[in-house]
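Residue numbers (my numbering), protein chains in the order written: chain S, 8 to 258; chain P, 8 to 258; chain V, 8 to 258. All residues carry an ideal CB built from backbone N, CA and C; glycine is no exception. Everything below concerns the one structure shown next.
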C-alpha cells in the first residue's frame with residue numbers, strides 16, 4: 008500500500024506546476040510497481056487541496072500557448088497519470104477540496120470524507136473557466152447538476168450534500184475518517200490484485216468508449232482547439248489581478 | 008437578468024404550439040443580448056407547466072408528417088434554443104411540472120423547487136410516447152431510473168424525491184422559494200460573464216460528444232426516422248379522444 | 008402479466024449455465040407475446056439471486072475459449088434477451104442480490120426491494136473480474152461510484168444505500184414488498200401497451216448510441232478481445248479452488 012500526500016504548506020496544499028509534474032511522476036512510479044494493491048491520496052494538515060497555486064498564475068496564464076501547456080501538459084499530465092493507474096485509488100478528504108482538489112479526487116476510484124470537508128470550484132471568481140478535459144472528468148464523476156452549481160454559481164457544497172449527490176461513498180466524523188479509510192484500504196488490498204487491475208482497465212476502456220476516445224478524440228480535441236483563446240482577455244487578467252490584490256474583480 | 012414566464016391561463020401553463028415558437032424566439036433574443044448574466048424560468052399562477060395543450064392535439068397528431076413537424080420543429084425548436092443559450096438558466100418550479108414542463112426544466116442549468124411541486128410525464132395515459140430527442144434530454148438530466156418510472160408507470164414524484172434523484176438542487180417551502188431563487192440568480196450574475204459563457208459552451212460540447220452528435224447525429228436521426236409512425240394508430244387516436252371526452256381510454 | 012422466477016434451491020438461486028440459457032429462452036417467449044404488458048422478475052424462497060453457480064466453474068473457467076463462450080453466449084445471451092424485451096420489466100428483490108443478481112436486476116426497467124435485501128458483486132474474492140459487457144451494463148444502471156465499491160472493495164450495500172445511490176426506486180418492509188410490486192405492475196399494465204413498447208425501443212436505441220454500439224461495436228468488441236486471457240492464470244485457479252475448498256485464497 009502507498010500513500011500520496013498533497014503538500015503545499017500555508018496554501019492548503021494548492022497545486023503548483025511542480026506539484027502537478029510530481030503527481031505525474033509519482034503515479035508513473037505507482038503504475039510500475041506490481042506489488043501495490045491500493046493507493047491512498049490525502050492532503051497534509053487537515054485539508055485535501057484548495058485549488059491551484061494562484062500566485063504562479065500571472066507567469067503563464069495570459070498567453071494562449073503557455074496557458075494551454077499548463078492545462079494540457081502539467082495539469083492533464085498529472086490527472087491522466089492517475090486515470091491510467093491500474094491500482095485502486097482511495098481519496099481521503101478533509102477540509103478544503105476545491106478546484107484542482109475536486110479534479111484529483113475525481114481521478115480516485117472511491118472517495119471518503121470528513122463531515123468538515125467542503126467542495127467547490129469557484130474559478131468564475133477568478134474569471135476563467137475549467138479546462139475542457141477537466142470539466143469532462145468532473146462532470147462524469149460528480150454529475151452534471153453538481154458541476155453546474157460548482158462552476159456557474161461558485162457554490163460550495165458540504166460533505167453530506169456531496170454524499171447525497173453520489174460523489175462520496177461515505178462521510179464520517181473527522182476522528183473516524185482515518186480508521187475507516189485504513190479499513191477500506193485493507194479490504195481492497197486483501198482482494199485479488201490481478202482482478203483489480205483487470206477491473207480498472209475495463210472501467211477505463213468503457214469511459215474512453217463513452218467519451219468517444221476511439222472515434223472522436225476528434226471531438227474533445229476540437230473543443231480544446233479554441234479552449235485557451237481567452238488567455239489574454241481583460242476579464243481573465245482582471246480576475247487574477249483582483250485576487251492577488253485582495254480586492255473584488257470589476258467586469 | 009431576465010425572467011421568462013410560461014403562461015397559459017386556466018391550463019396550468021400547458022404549452023401550445025404558439026408558446027413553443029415563442030420559447031424559441033425568446034431564447035434567440037436572450038442569446039443575442041451580451042449584457043445578460045442569468046435567466047430565470049418560471050410559470051405563472053403557482054404552477055410551472057402542466058404539459059402540452061391537449062386541446063390542440065387532434066389538429067395535427069394523427070398524421071406522421073404533421074406530428075413530426077410538431078415535435079422536431081416546434082417542440083425541439085424551443086428546447087434546442089434553450090440548450091443553445093450561453094447564459095446560465097435557473098428554473099424556479101412550483102406546482103405542476105409535467106411532460107413539457109419536465110423537458111423545459113431539463114434545459115435549465117440549475118433547478119430549485121417548492122416542496123409542493125409535482126413531477127411527471129404521464130403521456131402513456133394519452134397513449135403516445137415521448138419523442139426521442141426529448142427522451143434523451145430528460146434521461147440525461149433526470150437519470151434512467153426516474154425516466155423509466157415517469158414514462159412506463161406514469162409515476163408522479165414529489166420535489167423531495169426529485170431532489171434525492173438528483174434532478175433538483177434544492178427544495179424549499181413555497182414562501183422561501185423566490186427569495187432563494189433571487190439570491191442564487193444574484194450570485195450567478197455577480198460572477199464573470201465570460202467564464203459562464205465558456206462553461207456553457209463546454210458543457211454543450213461535452214454533451215454533444217457523449218450523445219454522439221459528431222459521429223452519429225446519424226444515430227439519433229435513425230431513431231427519429233420511424234419515431235412518428237404511430238401517428239395514425241388506433242391506440243393513439245383513442246388516447247387523445249378519451250382524454251378530451253373525459254373518459255378512460257380503451258385499448 | 009407474467010412472472011419470471013429465478014430458482015436454484017439450496018443455492019439462493021445462483022445462476023447455472025442452464026438457468027442462463029433458460030433466461031434467454033423465457034425472454035424470447037415474452038418478446039413474442041404481444042398481449043403481455045408487464046413482466047415481474049423475482050427469486051424463489053426469500054432471495055433474488057446469489058450470483059453464479061460456482062460449483063460449475065472448474066468445468067469451463069480455466070480455458071479462454073470456454074470462458075468466453077460462457078460469458079459471451081450464456082450470460083450475455085440471457086441478459087441481452089432481457090435488454091431486447093419490449094415489455095416493461097419490474098424487479099422485485101429480497102435477500103441476496105449478488106453478482107449475476109445485480110446484472111439481472113440491471114436489465115429490469117424498475118427495481119423495488121425489501122429493506123432486508125443486500126447487494127454486492129464480490130467476485131474479486133474469487134479472483135476474477137466482471138466481464139466487460141456485464142460491467143458496462145451495471146455501471147450504466149448503478150453508477151460508477153457504486154460499481155467501484157462493489158468490484159474493487161467487494162462491498163456489500165443494503166437496500167437503503169442502493170436507493171440513495173439511485174439503483175432502486177423504492178425500499179419497503181418485506182411484508183409490504185409484494186403488495187407494492189403488484190400495485191406497480193397493475194399501474195404499468197393499465198397504461199397504453201403500444202406507448203410502452205415504443206418507450207422501451209427508444210431507451211434501447213439511446214443506450215446503444217451512448218454506448219457507441221453503432222460506430223463502435225468496434226470499441227467494446229476490442230475490450231472483449233483480450234478480456235478472457237486470464238482464464239488459465241494461477242490467481243484465477245486459486246480463487247475458484249479456495250472457494251470450493253472453503254479456505255482463504257492465497258495470492
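Where residue i falls: helix, strand or coil (DSSP)
| i | result |
| --- | --- |
| residue 126/V | strand |
| residue 102/P | coil |
| residue 223/S | Model confidence at residue 223/S stands at a pLDDT of 44, short of 50, so the residue's coordinates are unreliable; what they give is reported in the following sentence. Residue 223/S: helix per DSSP, three-state reduction. |
| residue 47/S | strand |
| residue 66/V | helix |
| residue 41/S | coil |
| residue 89/V | helix |
| residue 248/S | helix |
| residue 154/S | helix |
| residue 198/V | coil |
| residue 33/S | helix |
| residue 148/S | helix |
| residue 172/P | coil |
| residue 22/S | strand |
| residue 162/S | coil |
| residue 12/P | strand |
Any chain V beta carbon closer than 8 angstroms to residue i
| i | result |
| --- | --- |
| residue 153/S | no |
| residue 165/S | no |
| residue 161/P | yes |
| residue 256/P | yes |
Test: residue i CB closer than 8 angstroms to a CB of chain P
| i | result |
| --- | --- |
| residue 54/V | no |
| residue 237/S | yes |
| residue 120/V | no |
| residue 195/V | yes |
| residue 148/V | yes |
| residue 240/S | yes |
| residue 250/S | no |
| residue 156/S | yes |
| residue 34/S | no |
Contacts around residue i, its chain only, beta-carbon distance under 6 angstroms, and the 5 residues preceding and following it disregarded
| i | result |
| --- | --- |
| residue 57/S | 19, 21, 103, 105 |
| residue 188/S | 99, 119 |
| residue 238/S | 69, 70, 71, 74 |
| residue 13/P | 20, 50, 56 |
| residue 169/S | 126, 175 |
| residue 82/V | 27 |
Own chain partners of residue i with C-beta closer than 7 angstroms, once the 5 adjacent residues on each side are dropped
| i | result |
| --- | --- |
| residue 75/S | 235 |
| residue 9/V | 37, 43, 46 |
| residue 91/V | 38 |
| residue 33/S | 11 |
| residue 135/V | 237, 243, 246 |
| residue 54/V | 19, 20, 101, 102, 103 |
Closer than 8 angstroms to chain S by CB, residue i
| i | result |
| --- | --- |
| residue 212/V | no |
| residue 187/P | no |
| residue 176/P | yes |
| residue 173/P | yes |
| residue 191/P | yes |
| residue 247/V | no |
| residue 117/P | yes |
| residue 19/V | no |
| residue 230/V | yes |
Nonlocal neighbours in the same chain, by C-beta distance under 8 angstroms from residue i, ignoring five residues either side
| i | result |
| --- | --- |
| residue 61/V | 21, 133, 247, 250, 251 |
| residue 164/P | 125, 126, 127, 153, 156, 157, 172 |
| residue 122/P | 165, 166, 167, 178, 179, 180, 181 |
| residue 222/P | At residue 222/P, the pLDDT of 43 sits below 50, so the modelled position is not reliable; the number obtained from the coordinates is stated separately. Excluding sequence neighbours, residue 222/P sits near nothing in its chain. |
Residue environment, residue i, which counts as buried when at least 16 other CB atoms sit within 10 Å
| i | result |
| --- | --- |
| residue 125/V | buried |
| residue 146/V | buried |
| residue 25/P | exposed |
| residue 190/S | exposed |
| residue 40/S | exposed |
Residue i Cβ short of 7 angstroms to the ligand ADP heavy atom set
| i | result |
| --- | --- |
| residue 256/P | Absence of the ligand ADP is noted for the structure shown, with no ligands found whatsoever. |
Anything in the segment 122 to 142 of chain S with a Cβ closer than 9 angstroms to a Cβ of chain P? List those residues in chain order, please. 129, 130, 131, 132, 133, 134, 135, 136, 137, 138, 139, 142
Within 9 angstroms of chain V by C-beta, residues of the segment 198 to 210 of chain S in sequence order: 198, 199, 200, 201, 202, 203, 204, 205, 206, 207, 208, 209, 210
Could you run through the segment 89 to 103 of chain V and flag, in chain order, every residue whose CB is less than 8 angstroms away from some CB of chain P? 95
Which residues, in order along the segment 61 to 72 of chain V, keep a beta-carbon less than 8 angstroms from a beta-carbon of chain S? none
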